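Shown next, in structure tokens, is the structure this report addresses.
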Amino acid sequence: MWKSIKFNPKPKTHKHAPRNSNLWIALKKPSSNNDLTQIPYVGGSIANDLKSIGITKISDLKGKNPDELYSQICASKGHQVDRCLLYVCRSSVYFAENENPDPEKIKWWNWKNKKI
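Just so you know, our numbering puts 577 at position 113 of the sequence shown, and the rest follows in order with no gaps.
Quick look at the structure:
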């Protein structure tokens, strides 16, 4: 017999910090520059893409051109990658270069087809 399984569509976040809050962003900000997944909206897959082009820690993003990072990732994969990755590259470089980043500028969708 099949068991009834409850499905929770909400992603798990810190119980006191909604995912879109400044506290969530503060919780994700690393104390060291070792883990790329500490960048908001960068998960394991994007971290692996960055590692494939030599970006192994957050501080490696400082001074980089996000458009060039995106082009290098596309070249390493051998095909054009979804442009949303370009926007994540832009927000990630911004995050790496700013000690106290503006919460609106951390959101990758705010970098769509523009440079803030």
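All residues carry an ideal CB built from backbone N, CA and C; glycine is no exception.
Source: prediction; values computed, not measured.
Hey, how far is the Cα of residue i from the Cα of residue j?
i, j, result
"Glu-568", "Tyr-551", "13 angstroms"
"Lys-526", "Glu-561", "5 angstroms"
"Gln-502", "Tyr-534", "19 angstroms"
"Cys-548", "Glu-563", "24 angstroms"
"Pro-565", "Cys-553", "15 angstroms"
"Gly-518", "Ile-537", "10 angstroms"
"Lys-578", "Phe-559", "16 angstroms"
"Pro-504", "Ser-523", "15 angstroms"
"Asn-512", "Thr-520", "9 angstroms"
DSSP on residue i, reduced to helix/strand/coil?
i, result
"Tyr-505", "coil"
"Lys-571", "coil"
"Lys-526", "coil"
"Glu-561", "helix"
"Asn-577", "coil"
"Asp-546", "coil"
"Ile-510", "helix"
"Lys-586", "Summary: the structure shown does not reach residue 586, with the chain confined to residues 465 through 580, and so no result is reported for it."
If the criterion is Cβ atoms closer than 8 angstroms, does the pair residue i and residue j meet it?
i, j, result
"Pro-530", "Val-557", "yes"
"Ser-516", "Ser-540", "yes"
Just reading off the alpha helix (DSSP H) that residue i is part of, what are its end residues?
i, result
"Pro-530", "530-541"
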